[in-house]
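Please read the structure below before turning to the comments.
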Amino acid sequence: MKLPIYMDNHATTPVDPRVLDAMMPYFTTDFGNSASRNHPFGWSAEEAVEKARKQIASLVGATAKEIVFTSGATESNNLAIKGVAEMYAERGNHIITAATEHKATLDTTKRLEKEGCRITYLAVRADGLIDLDQLREAITDKTILVTVMYANNEIGVLQPIAEIGKICRERGGLLHTDATQAVGKVPVNVNTDNIDLMSMSAHKMYGPKGVGALYVRRKGPRVQLTAQMDGGGHERGMRSGTLNVPGIVGFGKACQLCTDSMAEESKRMSHLRDKLKDKLMAELDEVYINGTMEHRLPQNLNISFAYVEGESLLMGINDIAVSSGSACTSATLEPSYVLKALGAGDDIAHSSIRFGLGRFNTEEEVDYVAAKVIQIVKKLRELSPLYEMVKEGIDLSKVVWAAH
Amino acid sequence: MAYSDKVLDHYNNPRNVGSLDKGASNVGTGIVGAPECGDVMKLQVQVNPATGIIEEAKFKTFGCGSAIASSSLATEWLKGKTVDQALEIKNTDIVNELSLPPVKIHCSVLAEDAIKAAIQDYKQKSSVGVEAAVQQA
Chain A
1 MKLPIYMDNH
11 ATTPVDPRVL
21 DAMMPYFTTD
31 FGNSASRNHP
41 FGWSAEEAVE
51 KARKQIASLV
61 GATAKEIVFT
71 SGATESNNLA
81 IKGVAEMYAE
91 RGNHIITAAT
101 EHKATLDTTK
111 RLEKEGCRIT
121 YLAVRADGLI
131 DLDQLREAIT
141 DKTILVTVMY
151 ANNEIGVLQP
161 IAEIGKICRE
171 RGGLLHTDAT
181 QAVGKVPVNV
191 NTDNIDLMSM
201 SAHKMYGPKG
211 VGALYVRRKG
221 PRVQLTAQMD
231 GGGHERGMRS
241 GTLNVPGIVG
251 FGKACQLCTD
261 SMAEESKRMS
271 HLRDKLKDKL
281 MAELDEVYIN
291 GTMEHRLPQN
301 LNISFAYVEG
311 ESLLMGINDI
321 AVSSGSACTS
331 ATLEPSYVLK
341 ALGAGDDIAH
351 SSIRFGLGRF
361 NTEEEVDYVA
371 AKVIQIVKKL
381 RELSPLYEMV
391 KEGIDLSKVV
401 WAAH
Chain B
1001 MAYSDKVLDH
1011 YNNPRNVGSL
1021 DKGASNVGTG
1031 IVGAPECGDV
1041 MKLQVQVNPA
1051 TGIIEEAKFK
1061 TFGCGSAIAS
1071 SSLATEWLKG
1081 KTVDQALEIK
1091 NTDIVNELSL
1101 PPVKIHCSVL
1111 AEDAIKAAIQ
1121 DYKQKSSVGV
1131 EAAVQQA
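Those protein sequences? They're chains A and B, same order as listed.
Going by my numbering, 21 is the number at position 21 of the first sequence; the sequence numbering is gapless.
Going by my numbering, 1092 is the number at position 92 of the second sequence; the sequence numbering is gapless.
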């Protein structure tokens, strides 16, 4: 076993060696521009791009023509949300999203809000899922788009996208889903899930960074978008710019590998994740899982070790790469807004750790991580005045803190 | 973020972890911070009433590595000082000693506050003690 251990696969994943092999020729020998129509260099690049388009489409039940390549999921979210807001401005100006969305969605809707759109931010329940009745009530005749993520990047919970899509079909309004964390991990099908637009990213599924896609439905309904970048009219006019051919080839290969191995891999991931969870919960008291375990990515465990601050825990397990919702680990010095949205309280957010398992983690690594985390949590609780107070029978919620 | 060697040393080998009898008349206890802010420090001093010298100092901290290091360092510095000397410890001294980056300065401020709170608690207790003794006489 090699240290450090990487268990932060929601942040990014390593490129699968089979993906890299598929990409390599497109940097040097087959380097053509897929838009070059009059020589073999262009033709072979175009052929490779179209093969990848099919591989991606086939993973999510789409047709190849519905895949628009982008630089990644942030761009896909921007293109979907802003593109719909502009294209359908005459029909309405109301967009519905959820409080726990990724910043690529929330910052986009905030900008549209400034430009005159009305945005509804749905709250989530303690389990991390939105309330479908609240969604039904929020939709008006001015609602042009509902954008709700498929799987949450922090807590891994899976929103009921198929049901959300059904509501959108009944009440009107397109459904966009940021499926960055879900595609390749759990079965996603744009038809059975009633999805009109969907953001995807290669580097979350063992493909390269810097390439992603937006699925744009072509039939029932035919979705139109206003392009957000002017240029050569690539990608059916929705996204100009020379295609990242090697990246796209890698993205396609990554999707094909996921199609082939998802069922088996997902079983292995849940086994390892549950083993990690069970070990931690058997050895430590006052451990809380953030978000529902029932509807969750098999790779994700987001867990709070009460009375232990997240950054100090990360410092103790410095041969393990994970992330924390603690304010001290964020650029903004604010604890995770996702955990706050669950109503868990800031103290639980400060104590949270996100484990993101991936294709290349082993059982041995999980055993090591569990043992190490248990050891450090115990050590830090020895150091924790809060743990001491609780053990003395003091109710921390009744203490008047000298906040600063 | 990279931690300084001194922060790592205090984090890995924290000095003077523990608790003193908070009911004792010669022990001052300071608890500062709040769980929802991500850091709480408890710092205690045990003072020799005859000399006014801090003979023992203990801490427990819920917080990041820099908060743990700041309070660990504070207990080291407190031992052997008089209560008045203890009040002269400034957060900037802690920042310099531990090479804390700007985002971690609040950890040193909290440690200074914890020292002040512990000394104040001790002083309050001992003045009450003196008054009680006067009343008894």
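In this text, a Cβ means the ideal position worked out from N, Cα and C, and glycines have one as well.
Here the structure is a predicted model, which is why all the values come from computation and not from measurement.
Here residue 365 (chain A) is buried, its C-beta having at least 16 other C-beta atoms within 10 Å. Nearest Cα to residue 320 (chain A) within the set A:309, A:338, A:308 and A:376: A:376. Excluding sequence positions up to five before and after residue 223 (chain A), its CB lies within less than 7 Å of the CB of 174, 196, 197, 216 and 217, all in the same chain and listed in chain order. Nearest to residue 29 (chain A) by alpha-carbon distance, out of A:100, A:246 and A:7, is A:246.
Runs of the beta strand (DSSP E) lying entirely within the region 77-154 of chain A and spanning at least 3 residues, in chain order: 94-98, 118-122 and 143-147. Considering only A:338, A:397, A:401 and A:18, the residue with the shortest C-alpha distance to residue 125 (chain A) is A:338.
Cβ neighbours of residue 65 (chain A) within its own chain (closer than 7 Å, five residues either side excluded): 218. Residue A:169 holds the alpha-carbon nearest to the alpha-carbon of residue 192 (chain A) among A:200, A:169 and A:267. Per DSSP, the unbroken beta strand (DSSP E) holding residue 354 (chain A) starts and ends at 352-356. Closest by C-alpha distance to residue 16 (chain A), out of A:199, A:278 and A:249, is A:249. For the region 387-402 of chain A, the set of residues with a beta-carbon nearer than 7 Å to any beta-carbon of chain B comprises 388, 396, 401 and 402, in chain order.
In the three-state reduction of the DSSP assignment, residue 311 (chain A) falls in the helix class, which pools H, G and I. Interface with chain A (7 Å Cβ-Cβ cutoff): residue 1027 (chain B) is excluded. Per DSSP, the beta bridge partners of residue 70 (chain A) are A:212. When rounded, the separation of the alpha-carbon atoms in residue 172 (chain A) and residue 281 (chain A) is 45 Å. Across the structure, residue 1096 (chain B) and residue 336 (chain A) are spaced so that their CA atoms are roughly 30 Å apart. The DSSP assignment places 1065-1078, 1083-1086 and 1091-1098 as complete runs of the alpha helix (DSSP H) inside the region 1055-1120 of chain B, in order along the chain (cut-off: 4 residues). Any Cβ of chain A closer than 7 Å to the Cβ of residue 1011 (chain B) would place that residue at the interface, and such an atom is present. For residue 42 (chain A), none of the residues of chain B pass the 7 Å Cβ criterion, the least Cβ distance being about 47 Å. Contact note: residue 1061 (chain B) reaches chain A through 383, 384 and 385, using a C-beta cutoff of 8 Å and chain order. C-alpha of residue 67 (chain A) to C-alpha of residue 306 (chain A): approximately 44 Å in a straight line. Residue 328 (chain A) sits away from residue 1107 (chain B), with the two beta carbons spaced by 7 Å or more. At a cut-off of 7 Å between C-beta atoms, residue 1107 (chain B) does not count as an interface residue with respect to chain A. When DSSP states are grouped into helix, strand and coil, residue 31 (chain A) belongs to the coil group.
The beta carbon of residue 1010 (chain B) is closer than 7 Å to those of 1068, 1069, 1072 and 1073 in its chain, skipping five residues each way along the sequence. The beta carbon of residue 1126 (chain B) sits closer than 8 Å to the beta carbons of 1025, 1026, 1047 and 1049 from its chain, once the five residues preceding and following it are set aside; these are given in chain order.
Residue 1012 (chain B): member of the alpha helix (DSSP H) spanning 1005-1012, first to last residue. In this structure, DSSP gives residue 281 (chain A) a helical state, which the three-state scheme calls helix. Put simply, the backbone Cα of residue 6 (chain A) is about 11 Å away from that of residue 323 (chain A). 7 Å or more divides the Cβ of residue 1087 (chain B) from the Cβ of residue 1045 (chain B).
Counting only Cβ-Cβ distances below 7 Å, residue 307 (chain A) has contacts in chain B at 1062, in chain order.
Contacts with chain A at 7 Å (Cβ-Cβ) include residue 1042 (chain B). Residues of chain B whose Cβ lies closer than 8 Å to the Cβ of residue 8 (chain A) do not exist, since the nearest Cβ in that chain is about 16 Å away. By the CB criterion at 7 Å, residue 1083 (chain B) and residue 1119 (chain B) fall inside the cutoff. Contact check for residue 353 (chain A) and residue 316 (chain A): beta-carbon distance about 11 Å, past the 8 Å limit, so the pair fails to qualify. CA-CA distance, residue 142 (chain A) to residue 160 (chain A), rounds to 23 Å.
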